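What follows is a set of notes on a single structure, which appears directly below.
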Amino acid sequence: MKHSNDSKVTEFILLGFAGQNESWHILFVVFLVIYIATLVGNIGMILLIKLHSSLHTPM
251 MKHSNDSKVT
261 EFILLGFAGQ
271 NESWHILFVV
281 FLVIYIATLV
291 GNIGMILLIK
301 LHSSLHTPM
């Protein structure tokens with residue numbers, strides 16, 4: 251007879267930064283700045299490629 255573990259996880263609790271109530275503003279600002287920098291960088295790349303025809307060709 252084959253014995254196997256048939257236990258299943260039916261729920262979980264997402265803790266995250268639960269104990270960081272006072273510093274969530276700082277974390278929000280840090281991640282917002284990172285997001286905006288990434289967005290500006292990507293848009294800048296797209297505009298640079300659109301404006302310079304020499305960048306339209308592949309390597």
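Just so you know, we're using this note's numbering here: the sequence shown kicks off at 251 and counts up by one. All residues carry an ideal CB built from backbone N, CA and C; glycine is no exception. Keep in mind that this is a model prediction, so the values were computed, not measured.
Asked, Found
"Helix, strand or coil at Ile-296 according to DSSP, with G and I counted as helix", "helix"
"Helix, strand or coil at Gly-291 according to DSSP, with G and I counted as helix", "helix"
"Reduced DSSP category for Glu-272 - H, G, I as helix; E, B as strand; rest coil", "helix"
"Nearest-angstrom Cα separation, counted from Leu-282 out to Ser-254", "46 angstroms"
"As assigned by DSSP and simplified to three states, the class of Phe-281", "helix"
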